[in-house]
Each structure stands twice: as C-alpha cells, then as structure tokens.
Amino acid sequence: MTTVQSKQDVALMAHLLRRASFGATKREVEERLEMGYEATVEDLLSRSKAFSMPEDIIRRYHVDQSDLRNGQAAGAHWVYRMATTPNPLEEKMALFWHRIFATAATKLIQARMVVNQVEMFRNYGMGNFRDLLVQLSRDPGMLMWLDNQDNHKDQINENYGREILELFSMGVGNYTEEDIKECSRAFTGWSVVNPDYMSIKMRNNTARPYGYIAWQFNYDEADHDEEEKLFLGERGNFNGEDVVDIICKQEATARFIARHLYHFFVADESPVPQWPYEDPKDPEAIDTMTQAYFDSGYDISEMLRVMFNSDFFKEEAVRFGRIKSPAEMVVGTLRLAGGLELPSMETYAAAGVCSQMGQALYAPPSVEGWQGGAEWINTGSYVHRVNFASKVLGNPNKPGLRMLIDDVRGYAGGGAIDAETLVDACFDVIGPMPVLDSTRQGLIDYAAKWGDLSFDSDDAAEFAEQKIVTMLQMAVTTQEYQLA
322 MTTVQSKQDV ALMAHLLRRA SFGATKREVE ERLEMGYEAT VEDLLSRSKA
372 FSMPEDIIRR YHVDQSDLRN GQAAGAHWVY RMATTPNPLE EKMALFWHRI
422 FATAATKLIQ ARMVVNQVEM FRNYGMGNFR DLLVQLSRDP GMLMWLDNQD
472 NHKDQINENY GREILELFSM GVGNYTEEDI KECSRAFTGW SVVNPDYMSI
522 KMRNNTARPY GYIAWQFNYD EADHDEEEKL FLGERGNFNG EDVVDIICKQ
572 EATARFIARH LYHFFVADES PVPQWPYEDP KDPEAIDTMT QAYFDSGYDI
622 SEMLRVMFNS DFFKEEAVRF GRIKSPAEMV VGTLRLAGGL ELPSMETYAA
672 AGVCSQMGQA LYAPPSVEGW QGGAEWINTG SYVHRVNFAS KVLGNPNKPG
722 LRMLIDDVRG YAGGGAIDAE TLVDACFDVI GPMPVLDSTR QGLIDYAAKW
772 GDLSFDSDDA AEFAEQKIVT MLQMAVTTQE YQLA
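Here the sequence shown stands for residues 322 to 805, numbered as in the working numbering.
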C-alpha cells in the first residue's frame, strides 16, 4: 500500500466512522483499517457486540433512573448508552428515527413512554420498514402524542392519519385529504389501555404518579370502522396494518425514507418542509437507495449497506458536509475522553447541554422533529458547544484523554515537539481531521509562545502534557470539529 493510498484509506474510514458511529480516534481508525472498509460496514450493521448497561449500579448511584419517568434522568441514561455502546450505529439509527417519528415527553407528562419508543427503534429501526411502521402505529407514546385514543368509528380524529402520511412515510403532495380521512378510519380502535386502572377504564391524559408506565396498546374491535375504504387508489375493508402495507408499496415512501437517510448520513439537505418544492441534492443517490428499498423488500439495513458502500457516500465532496447534531457532538466528545465505565453526573450535564444547544432528548420541539443542518448552529448554541467540549477534555486522568496525550507525545520521536507538529498531531489523533489553513495557523501562532515541548525531565514532561491538553481542548472547539 502506498503512502498516498494509505492516507486516502484513513480519510475514508474516518469519514465512515463519523457518520455511522460518533467519530473515532486515530487508533480506532487504524484498528478498523485492519478489518477493511466493507467488513467494517458489515460489522456496524450487525450490531453483534455484547452490551449490557450496568442497570443495578446506575440505579444505586441515580435512583431517578430506576423508572426513567424524569426527563433529565432519561436523557442522562440515553447519553450513557450512546457514549459506551460497542454498537454505535444502533444508537445513531435510534436518534435518526427519534428525529423523524418525533414524540415528546412534554405532552405525555413523563419520559418513560418515549424511552420505550426509542427502545422499539433499536429493535425494529434497522429491519423491515413495514414492521417498523406497524410497531410505531401500535406504540402507546405515539398513539397518545397524536391523539389516536380519540379516533373513534363514529368520530374520527385525523392527527395520526395525517402525520403517518405527511411526516412519517410519504411526504406532502403524494396523497389527498380523502386519503387522510380513509387512513384515519383504518386506525379507529387503535388505542391504549392501562392495566393498573382497567376497572375504571382510564384513557384520559391526566397526571398520576405511576399510572402512565403501564400503558399498552389496545385494539378495541367494537370501536373500529368496518366499512369499506378507498385509500391511495385501493379499495377494501382496511385496518391499520392494511394501510401500512399500501403505504410501503408507494415509490413516494421509498424516496422519502431515502432522502431522510441521505440528509442524516451523507449531506445536509434543505429543511424537510421544503422537500416538496426542491429536488434532492443528489437525485441519483436517492434513486439508488429507492431501488435498494424495493429490491430488499423494504429493508432499512440494506438501504444503509448500499449507501455506505456507494460512490456518492465515499466521495470527498460530502466529507465534513454535515453539521453535527448536539447529541452527535456531545457523545462523540464523551467517547473521545472516555471514563464513563461507572455512572457519572457528567451524563446529566451532557443531556442538559444537548437541550441548551437545541436537541432535548425525548423532547423534540414538535411533531416535525428537528430540521438539523444550519439550524443547529447559532451564537448561543456554539458557546455551549465550546464550553462543553473543552470541559470534557480538561481532565488528563480520563483514560481516553490519557491515550490521546500519549499518542501526541509519540510525535516527539524521543525529542521535542514544535508548535506546528503539536497542532498537526492533535488534529491527527482525534480524527484524523483536516482544518482550514487559517485555523491551523492561528493555533500554531498560539502554541509558539510555549516554545518546543520536551519530555527530558519530570517538570518538562508535566508542562508539555498540560499544553497538549490545552491544544486538544482548542481543537475540539474549532469550527471544523462541529462538522461530520
């Protein structure tokens, strides 16, 4: 392998791990290169590594994570999982669907219902889209979020019938108002029940300390509209699963999901409400994933496989073409620093700063979810990004940061590190990550005041490592670090 090819392979693998994972250090990239690109894609898709959260220890440290009704506790719990999982693509896909099938604990009073929904995304979100859409339609949190418990055969509620078409599967312009009504009729009788209060038939949205945790899907046959329906050109006595089958057959559905995958994994698109009026950035990429959707029988993993192995995903033009979401930036930084083997209040701070940056986990702003892209960055949110990242990489005792320091020290080659080498080494070990000439030169000028860093005495080594930490902190506060 030539030096040029090696650099190209490193850059491509780093790109894959920024998108399909939460980023990777130079060490992790090199480990993956031994496996190979296509094998790494398969490994990420397999989600095969054993992982079990230490729930007993977590609950001992944080009692509020026992039932996960509290939004802060639930957010911290998910951050811990994302920061420690050996199957990062599973969590990225849970974030992906949470962003599209947006359900917020704010309306449901407590977070446990959305926690359960996200667990459903882990179980079904990389499988058959038809199965996922059926599970979504049966999900108690979604049913309550979009008022389907109030959708009755003699008085339909169109909220879920509208959103499953507009926001969850097909997109605006691919159905009629009559289709919405017929879809809603098909979902009459799809409701929730709380076994703890069945005797009083509790279905109202009132606050009780523990009543919501037991919500389960309930199909009320007596409340289902059994009359014939005309939906997307097909006629029959349809129920909810029947309309999901019809939805999944539509090319508009395949293209809508393909565009969302492109938007999340390849390059930032325009906000979703503009999609009916704007063509995709890369129509051929959408065609390719649409074909994979139908060829595989609606399999999401096959769409991901085709996407990650495609030329449009690998090309240099799309690298660093996405702004990291708050969750991606926060979790990626936590994984860089390491040290979350045991429960930590740091996960609460991480979930809190996600909210301050505009992505409150389990609490999307509306049924439209987060638009992403340029909306992730403004003056206030950027300050939170900078402060959080620099704080997380401020403790040299963290195992991940300790490895980064040691790796930067390796660039001394037994001698000293000058300012230019220090800056290049820091961006190399956390990515590797290219930066603008202006960014690089500004950091070199700043580091030059320290002189060359040596390790020929204990005092010199201590001073040098302090400055390595400082430069790593500065690296993760750059504009380049905000891109994936």
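Cβ coordinates follow ideal geometry from the N, Cα and C atoms, glycine included.
Residue i versus residue j - alpha carbon distance
i    : j    : result
G448 : A575 : 14 Å
I726 : Q386 : 34 Å
L457 : E440 : 11 Å
N526 : L429 : Residue placement at N526 is flagged as unreliable, the pLDDT there being 47, under the threshold of 50; a coordinate-derived value is accordingly withheld.
A613 : A415 : 21 Å
L655 : H584 : 24 Å
S512 : D460 : 9 Å
D777 : M724 : 20 Å
A507 : G396 : 34 Å
F450 : P409 : 20 Å
W691 : A394 : 21 Å
G357 : L337 : 12 Å
L389 : I378 : 15 Å
E363 : R626 : 8 Å
P407 : M610 : 27 Å
D780 : I738 : 16 Å
H705 : N539 : 43 Å
D500 : W466 : 21 Å
R369 : M650 : Inspection of the sequence shows that residue 369 is occupied by Ser rather than by Arg. Cα to Cα, S369 sits roughly 25 Å from M650.
S631 : L582 : 13 Å
K712 : V790 : 11 Å
S520 : G482 : Low confidence applies to S520: its pLDDT is 41, below 50, so where it sits in the model is not reliable, and the reading given next is rough at best. Approximately 30 Å between the Cα atoms of the pair.
Y401 : L453 : 25 Å
K635 : I568 : 31 Å
Y445 : S505 : 24 Å
G731 : A768 : 18 Å
R524 : N558 : Caution applies to R524, whose pLDDT of 47 falls short of 50 and renders its modelled position unreliable; the value that the coordinates give is listed next. For R524 and N558, the distance between alpha carbons rounds to 27 Å.
Residue range of the alpha helix (DSSP H) that includes residue i
i    : result
G693 : Looking at the DSSP string, G693 is not in any alpha helix (DSSP H), and its letter there is neither H nor E.
E555 : Looking at the DSSP string, E555 is not in any alpha helix (DSSP H); the run it does join, the beta strand (DSSP E), is 555 to 557.
V362 : 358 to 367
W697 : Taken as a continuous stretch (DSSP letters only), W697 belongs to no alpha helix (DSSP H), as it is neither H nor E.
S458 : 450 to 459
S622 : 621 to 629
M434 : 433 to 445
M724 : 720 to 730
I430 : From DSSP, I430 is part of no alpha helix (DSSP H); its letter is neither H nor E.
D745 : 740 to 750
Closest residue to residue i among the options (Cα-Cα distance)
i    : options                : result
N478 : L464, N699, S490       : L464
L488 : E741, T760, S687       : S687
R340 : F784, E411, F372, D603 : E411
W697 : C675, Y683, S711       : C675
G659 : T405, M374, D460, L338 : T405
T361 : D749, A733, D330, F552 : D330
N469 : M491, G494, K502       : K502
N699 : N718, W691, M678, F709 : M678
L365 : R433, S622, V593       : S622
N289 : D544, M434, H473       : With the chain represented from 322 up to 805, any question about residue 289 goes unanswered, as that position is not in the structure.
F552 : F615, A733, T497, D471 : T497
D475 : L453, G462, G494, A543 : A543
K570 : F343, M491, A768       : M491
G561 : L793, N472, A648       : N472
A672 : H545, N708, A681       : A681
S759 : V744, K770, R443, A733 : V744
D620 : I578, P594, I607, S591 : I578
A648 : F422, L774, S342       : S342
Beta strand (DSSP E) segment containing residue i, residue limits
i    : result
K550 : 550 to 552
Q537 : 537 to 540
V513 : 511 to 514
Beta-carbon proximity list for residue i, same chain, < 6 Å, skipping 5 on both sides
i    : result
M334 : V350, R353, L354
F417 : F585
A684 : A425, A426, T427
D603 : F633
F641 : L804
A710 : T654, V797, T798
V436 : L389, A395
Short CB-CB distance (under 7 Å) between residue i and chain B
i    : result
S665 : Although the question refers to chain B, the structure presented lacks it and comprises just one protein chain.
Chain-order list of residues whose beta-carbon lies under 8 Å from that of residue i (same chain, five-residue window excluded)
i    : result
R556 : E549, K550
Neighbourhood of residue i by C-beta, 7 Å cutoff - its chain only, sequence neighbours within 5 removed
i    : result
K522 : For K522, the predicted model reports a pLDDT of 45, less than 50, meaning its position is unreliable; a value from the coordinates is still stated below. Around K522: no qualifying Cβ.
M795 : L764
Q787 : none
F748 : M754, V756, A796
A528 : Note on A528: pLDDT 46, under 50, position unreliable in the model; the coordinate value appears next. Result list for A528: I430, in chain order.
**Message:** Could you tell me which whole alpha helix (DSSP H) segments of length 4 or greater appear in the segment 632 to 684?
**Reply:** Counting only unbroken stretches of 4 or more residues, the alpha helix (DSSP H) elements lying wholly within the segment 632 to 684 are 632 to 635, 647 to 658, 667 to 677, in sequence order.
**Request:** List in chain order: all unbroken alpha helix (DSSP H) runs of 4+ residues lying wholly within the segment 753 to 800.
**Result:** 758 to 769, 779 to 796
**Request:** Could you tell me which uninterrupted beta strand (DSSP E) segments, each at least 3 residues in length, are contained entirely in the segment 551 to 619, listed from first to last along the chain?
**Result:** 555 to 557
**Message:** Going residue by residue through the segment 464 to 506, where are the continuous alpha helix (DSSP H) segments of at least 4 residues, counting only ones entirely within it?
**Reply:** 480 to 487
**Prompt:** What residue ranges within the segment 387 to 412 form continuous alpha helix (DSSP H) runs of no fewer than 4 residues, ordered along the chain?
**Reply:** 392 to 405
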